[in-house]
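Counting from 1, position 246 in the sequence shown corresponds to residue 245 in numbering that gives the first Met the number 0; the numbering is continuous, with no gaps. Yeah, the Cβ is synthetic: ideal placement off N, Cα and C, and Gly gets one too. Every value quoted in this text rests on a predicted model; they were computed, and no experiment measured them. Worksheet: the structure to be examined is printed underneath.
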Amino acid sequence: MKKKLLGAILTGVMIFSLAGCSGGNNDSGAAGNTDVQAEDADSDEEETEIQVFIAASLSTVMEDLAKKYNEEHPNVKITYNADSSGTLLTQIQEGYECDIFFSAAQKQMDDLEADGLMVEGTRANVVNNQVVVVTLKDSGTAVTGLEDIGKAESIALAGGSVPVGKYTRQAFVNLGMLPETDDVAAITTEEVSEALGGVEISEQDNVSKVLTAVVEGSCEVGTTYYSDTYGYEDDLDILETVSYDLTGNVIYPIARVVNEEADEAQTAAAEDFLKFILSDEAKTVFDSYYFDTNVE
0 MKKKLLGAIL
10 TGVMIFSLAG
20 CSGGNNDSGA
30 AGNTDVQAED
40 ADSDEEETEI
50 QVFIAASLST
60 VMEDLAKKYN
70 EEHPNVKITY
80 NADSSGTLLT
90 QIQEGYECDI
100 FFSAAQKQMD
110 DLEADGLMVE
120 GTRANVVNNQ
130 VVVVTLKDSG
140 TAVTGLEDIG
150 KAESIALAGG
160 SVPVGKYTRQ
170 AFVNLGMLPE
180 TDDVAAITTE
190 EVSEALGGVE
200 ISEQDNVSKV
210 LTAVVEGSCE
220 VGTTYYSDTY
230 GYEDDLDILE
240 TVSYDLTGNV
250 IYPIARVVNE
260 EADEAQTAAA
270 EDFLKFILSD
280 EAKTVFDSYY
290 FDTNVE
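This is how it looks when you write it as structure tokens:
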């Protein structure tokens, strides 16, 4: 039976739903997709298409990397599906066609491997990141960071199944603002709000929506990744860069996904694109987008 194809949905555009605090929680989880392919170039490669599932915080840098890859491989069409790592994992488990999974956390990759959906020997750690507390520039917020984030009138926060939401909850636990628990991802947004004195929290289902809520001014502050502030330097103030001591490392692993529907050309392209993402050339690009490539 053919796997479900996400590439046919909204092809050519990266879609991110806009969300704000005034509307309460946002349940919409439509995945974003984009195709990047070089034009009018000669190549002896067989034309093929690969499906690459990426954490939402990787969208901008991966667009750039796809363009660079297509300069040498114009016949490889790269279709991105961008969303929270948890949503992407669920889609893969449900049978959506995927060649490469690039997660914002180890847990989702661990689950992929445990389910036997990973191509053995292809897993690698690519970049590290940091959680930051952000607000609109000159917002006048009284918040200085995580420890007094409850002073905000409204907070944009990703759900616990979203890596940035989990890392933020872990930092709250380590600061003593939330109780110790075996699984910080299970801490609900309502529990976080109560611990912060009842502050209004808008739960978002990926990191890009958190950023949008703050940039649009519908939430006073939010927690996102340092890399997501790229291109928003004139719009945002970083109130705190949260230390790894509080969140743990924010490692992004990548791996090829078992795709029984792929032919030889598609499989070869997936292998080669993964190799490119792990190259020194790609590291330079990741560095320019505020990712830390000093990982093992």
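Judged by DSSP in its simplified three-state form, A103 adopts coil rather than helix or strand. In the structure shown, the three-state DSSP call for F52 is strand. Here G158 carries a coil assignment [DSSP, helix/strand/coil].
In the structure shown, S84 adopts helical secondary structure according to DSSP, grouped into three states. With respect to A269, I91 sits apart: the two C-beta atoms are not nearer than 8 Å. Judged by beta-carbon spacing, V284 lies beyond the 8 Å limit of L145, meaning their Cβ atoms are not closer than that value. In the DSSP annotation of this structure, the continuous segment of the beta strand (DSSP E) that includes E239 starts and ends at 235-240. Here V133 really is in contact with I237; their C-beta atoms are around 6 Å apart, less than 8 Å. S84 and I77 have their alpha carbons spaced roughly 19 Å apart. Within its own chain, the residues whose Cβ lies closer than 8 Å to the Cβ of T140, once the five positions on either side in sequence are excluded, are T134, K150, A151, E219, V220, L238, listed in chain order.
Secondary structure of I276 (DSSP, three-state): helix. Cβ neighbours of V214 within its own chain (closer than 8 Å, five residues either side excluded): L135, Y231, D234, L235. Y224 and V130 do touch by the CB rule: their CB atoms are close to 6 Å apart, below 8 Å.
Between N80 and I250, the CB-CB gap reaches or exceeds 8 Å. The C-alpha of D262 is placed about 39 Å away from the C-alpha of G247.
Non-local C-beta neighbours of I53 in its own chain, meaning closer than 6 Å and more than five positions away in sequence, comprise M61, Y79, A81, F101, ordered along the chain.
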